[in-house]
């Protein structure tokens, strides 16, 4: 019996450390970019985007999370009368790594931007990634920070991958009235669904392993993995939503974008899928179509833009 208990605890710890845990002192290298056959054709462009964002002057800003973590971001203000986009990074990356593309679009449209390092990534504190469950409250906190500091600015929430799931999950929460829309690129439908997909790709049984993953989140990470999900949140949100996804996404299936879109009850919603688009870099596959759709969305929701 004791041996069985030890084996179970070892499995739980393995699940926790693999899926959620980030060791203290973590700091991602924004230049650690994917180089497999899907991403290789775009590698130089990805490096250029990281360079451009990394070299742009910014103000370092920080807030406290609901559970006492210091969360950090880079604030780029160019026009205090223009809207601001709040950009949130994905899984085990950071804002500089993930947000260079949306930053370039933002600048072309004359917008300001806050590039956030989500909890347990980049320069922000924390050692638990909760797949949006806790991060959604951080989105609210950042939106409140900007709304208090710049009450005249319209706010758009933007995210890629985990960041996309996070902003969708936040969309049902009480946000400042200045938050006027959400742009989500490569979001999953739920933490449960994407974790089961990953388990399957590891040639393990999702039916057997997922309960261990869920329990490990509760025991060691102190959060309920099923407390929220994008597909649940979009059924309750009133915010306009633009969902974007690459049709050749091999991490988060494009079918999840369609599921989120169908479930979404927002009075204004749009869906863009990019043929041959890999995970979270569809912008580089078809920049004109991507930016053009963002512009159409912003026009529909009354977000002012320069040069449009």
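In my numbering, the protein residues as written are 18 to 325. Glycine included, every Cβ here is placed at the ideal spot set by N, Cα and C. All figures in this text were calculated on a predicted structure; none of them were measured in a lab.
First through last residue of the beta strand (DSSP E) which encompasses residue i
i           : result
residue 290 : 286-291
residue 200 : 196-202
residue 175 : 172-177
Sheet register partners of residue i (DSSP bridge)
i           : result
residue 329 : What the structure shows of the chain is the stretch from 18 to 325, and residue 329 is not part of that stretch, so it cannot be assessed.
residue 263 : 291
residue 129 : 101
residue 38  : 145
residue 258 : 199, 286
CA-to-CA distance, residue j to residue i, given in whole angstroms
i           : j           : result
residue 112 : residue 323 : 24 Å
residue 149 : residue 191 : 16 Å
residue 193 : residue 161 : 6 Å
residue 61  : residue 159 : 32 Å
residue 326 : residue 21  : As displayed, the chain neither begins before 18 nor continues past 325, which places residue 326 out of reach and without an answer.
residue 249 : residue 189 : 9 Å
residue 67  : residue 135 : 17 Å
residue 269 : residue 300 : 16 Å
residue 73  : residue 259 : 27 Å
residue 58  : residue 244 : 39 Å
Counted within 10 angstroms of its Cβ, other Cβ atoms place residue i as buried (16 or more) or exposed
i           : result
residue 83  : exposed
residue 44  : exposed
residue 25  : exposed
residue 48  : exposed
residue 166 : exposed
residue 279 : exposed
residue 34  : exposed
residue 257 : buried
Cβ-Cβ separation, residue j to residue i (assumed contact under 8 Å), whole Å
i           : j           : result
residue 101 : residue 131 : 6 Å
residue 207 : residue 178 : In fact, because the Cβ distance is near 14 Å, the residues do not count as touching under 8 Å.
residue 281 : residue 251 : 4 Å
Boundaries of the alpha helix (DSSP H) in which residue i is found, first to last residue
i           : result
residue 212 : 208-218
residue 113 : 112-115
residue 248 : 247-250
residue 226 : 223-233
residue 190 : Taken as a continuous stretch (DSSP letters only), residue 190 belongs to no alpha helix (DSSP H), as it is neither H nor E.
residue 155 : 152-166
residue 66  : 60-71
residue 308 : 304-317
residue 274 : 272-280
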